[in-house]
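Enquirer: Per this note's numbering, residue 30 is the first one in the sequence shown, and the count goes up by one each step.
Take a look at this one; I'll ask things after.
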Amino acid sequence: MIAPLLASLLLVVQNRPALDSATVTRLLTQLKASDSAVCALAGEALTNYGGFWGHAFADPGMPMPQPMPTPMPGGGPGEVHVDMHENTRDMDPAVLRAFRAVIRDDNRCVRNIAARVLGNHGGSESYGLFSGMLKDSRADFRETGALGLGELHDSRAITPLADALSGDASTVVRMTAA
């Protein structure tokens, strides 16, 4: 089961065709039943987490972190700021719907893949989805809501994340909100 999944994922990474909703749905369904390490690695490839995977070497999906000098009071040379996220690619709305369909799945890994993709490509309309999840009675859904809000890079997310950080009963939710 794991070998065919890894083989298909490697082919996708090498050739990087445009994702379509049927492929995403099929892959997410396979990931639900896969080993957690396989799911985590596939999630990094799918979400381009950290900017290591590109569509081609000349056209990366997300850029690698670029150190930028930041003036600091009392700081000297060598102080850097690393910006990991840039939302430079639009995603097909049908593909985004495929990720939205699994945002409340029981599989934590699949939910977190969907949260990262929707946070980075879903636009500001994902704010309502994630802020609603942050109020859910289930701690695992609140964790996913916090992850998605953090990926959005939307200033409206600061207050709900701060509230979760200071008041949520779950350590995992507080850690994710941080």
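Note that beta-carbon positions come from the ideal geometry of N, C-alpha and C, so glycine has one too.
Just so you know, these numbers come straight off a predicted model, no measurement behind them.
So is Arg167 in contact with chain D if we call contact Cβ pairs under 7 Å?
Expert: In summary, chain D is missing from the structure at hand, where a single protein chain is found.
Enquirer: Does the beta-carbon distance from Ala127 to Thr54 come in below 7 Å?
Expert: yes
Enquirer: Would you tell me roughly how many angstroms separate the C-alpha atoms of Val139 and Ala69, rounded to the nearest one?
Expert: 9 Å
Enquirer: Look up Ala207 in the DSSP assignment and say whether it is helix, strand or coil.
Expert: Correct three-state label for Ala207: coil.
Enquirer: Under a three-way DSSP split, which group does Arg133 fall into?
Expert: If DSSP states are grouped into helix, strand and coil, Arg133 belongs with coil.
Enquirer: If you follow the alpha helix (DSSP H) that Arg185 is part of, which residue opens it and which one closes it?
Expert: Counting along the chain, Arg185 falls outside any alpha helix (DSSP H), and DSSP gives it neither H nor E.
Enquirer: Where does the unbroken alpha helix (DSSP H) through Arg55 begin, and where does it stop?
Expert: 50-61
Enquirer: Please identify the residue among Asp169, Arg167, Ala144 whose C-alpha is closest to the C-alpha of Gly210.
Expert: Not covered by the structure: residue 210. The range shown for the chain is 30 to 207.
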